[in-house]
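What follows is a single structure, written as structure tokens, with notes after it.
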Amino acid sequence: MLAQFSIVPLGAGVSVSEYVAKVIKIVDNSGIPYKLHAMGTILEGEWDEVMDLIKRCRDALMEEVERVVIDIKIDDRKGAKGRIEAKIKSVEEKLGKMVKK
């Protein structure tokens with residue numbers, strides 16, 4: 001399963017990179033494959049491990065702020081692995097060139 005998520009702490013000011021860094025540290029330490037991008041993070045793994053990781057990220061932020069908004073988008077496909085990179089490669093093959101990253 002691929003899950004793209006973002007967690008936005010409300011009332012934390014204009015810049016939230018400090019909170020993003022805390023979340024990414026948790027994600028990085030989890031061992032779950034991920035890719036950070038400008039608007040969120042993509043995870044790849046089994047349902048329970050991915051959802052548990054998102055919950056741990058949420059719990060960590062809730063220790064510091066009163067409210068968070070979490071956006072989650074899921075692409076669940078049986079038997080598929082390595083899709084974080086494979087989906088991009090598939091598009092690049094069809095374009096005949098690499099896309100900007």
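Counting from 1, one number per residue, gives the positions in the sequence shown under the UniProt record's numbering.
Backbone N, C-alpha and C fix where the C-beta goes; we use that ideal spot for every residue, glycine too.
What's the gap between the Cα of ASP28 and the Cα of GLU64? If you number the sequence shown from 1, residue 28 lands on position 28. If you number the sequence shown from 1, residue 64 lands on position 64. Answer to the nearest angstrom: the Cα atoms are 20 Å apart.
ILE7 in three-state terms, based on DSSP: For the purposes of this step, residue 7 is identified with residue 7 of the sequence shown, where counting begins at 1. Correct three-state label for ILE7: strand.
Quick check on the burial criterion: 16 or more other C-beta atoms within 10 angstroms. Buried or exposed for VAL50? Numbered from its first residue, the sequence shown carries residue 50 at position 50. Buried, by the Cβ-count rule.
When burial is assigned at 16 or more other CB atoms within 10 Å of the CB, is GLU18 buried or exposed? Here residue 18 refers to the residue found at position 18 when the sequence shown is read from its first residue. Exposed.
CB of GLY13 within 8 Å of CB of GLU66, strictly: Working through the sequence shown from its first residue, we reach residue 13 at position 13. Working through the sequence shown from its first residue, we reach residue 66 at position 66. No, Cβ-Cβ distance for GLY13 and GLU66 is not below 8 Å.
First and last residue of the uninterrupted alpha helix (DSSP H) at ASP76: As a working note, residue 76 is residue 76 in the sequence shown. Run containing ASP76: none; DSSP gives neither H nor E here.
Beta strand (DSSP E) runs contained entirely in the stretch 36-75, provided each spans 3 or more residues: 40-44, 68-75
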